[in-house]
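In this note's numbering, the protein residues as written are 4 to 173. Structure first, then comments.
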Ligand SMILES: [Zn+2]
Ligand SMILES: [Zn+2]
């Protein structure tokens, strides 16, 4: 969904949309949506600044970093964004600061792309490292079996070198 700013009446407007998972998948190479994403919010225009605030509800799925088991993550976030038009940004004295330092986004001043906002909020809401549980044992490097479901019979070859030295004495 894209919102044309010139169509806003009285410099403000509301938006609401429900995305089906397939509208946004894949969110990135690790995150997949498994439930519709409901977003709603308000847009307010103030000369060359645009303020967008809203709420997003959905459910995402990622793999455990160690054992690859799928983990479901509820995403329920409030967001508050600020945009500034490109020309205004460049002429302002703040132009030396990076976008990140200002926590604003530069845009063309015409359209707010809600699809992008929703994807960005999902990326921010899902931690970059996810474990199915704190003490996940991961996969065996030899046979690939899930060590959480029981020990395999593989002999791990990574013996502490100090013990290896003792072994040679015998
Ligand atoms: Zn795991
Ligand atoms: Zn194994």
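Virtual Cβ for every residue (Gly too), placed ideally from N, Cα, C. None of the values given here were measured: they were computed from a predicted structure.
Looking at the DSSP output, residue 124 sits in no beta bridge, so it has no partner there. With contact defined as three or more Cβ pairs closer than 8 Å, the region 50-64 and the region 77-89 are in contact. Of the other Cβ atoms in all chains shown, 16 or more fall within 10 Å of the Cβ of residue 120; this residue is therefore buried. The set of residues with CB atoms less than 7 Å from any heavy atom of ligand 1 reads, in chain order, 67, 69, 70, 72, 134, 135, 136, 139, 141, 151. The beta carbon of residue 47 lies closer than 6 Å to those of 15, 54 in the same chain, with the five residues before and after it left out. For residue 34 and residue 28, the gap between their C-alpha atoms comes out near 8 Å. With contacts defined by Cβ atoms closer than 7 Å, residue 133 and residue 37 do not form a contacting pair. For residue 60, the enclosing beta strand (DSSP E) starts and ends at 52-66. Ordered by chain, the residues meeting the criterion of a beta-carbon within less than 6 Å of a non-hydrogen atom of ligand 2 are 143, 145, 146, 148, 155, 157.
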